[in-house]
Amino acid sequence: MGSHQVERHFRDEEGRWQRADLVDEGRILVPCPPGANLTLAEVYEGL
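Just add 5 to the spot in the sequence shown (first one is 1) and you have this note's numbering.
In structure tokens form, the structure reads like this:
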């Protein structure tokens, strides 16, 4: 199995766009519902 990678685009607290790369392992905060998050393994599950 190859490595997992997600390119994340989001707004910071001041409304500016930011970009972050997550590779192999990590969690992505999902603002709705509050406090939800996804692991990279969950993003790639079933692919």
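We put the beta carbon where it would ideally sit given N, CA and C, even for glycine.
None of the values given here were measured: they were computed from a predicted structure.
Apart from the 5 residues on each side of it in sequence, R16 sits with its Cβ closer than 8 Å to the Cβ of W22, Q23 in its chain, given in chain order. Bridge pairing for E12: D26 [DSSP]. Counting along the chain, the unbroken alpha helix (DSSP H) around L45 starts and ends at 45-49. Inter-residue distance for H9 and L45 is about 7 Å (C-alpha atoms, whole angstroms). In the three-state scheme derived from DSSP, where H, G and I count as helix and E and B as strand, L52 is classed as coil.
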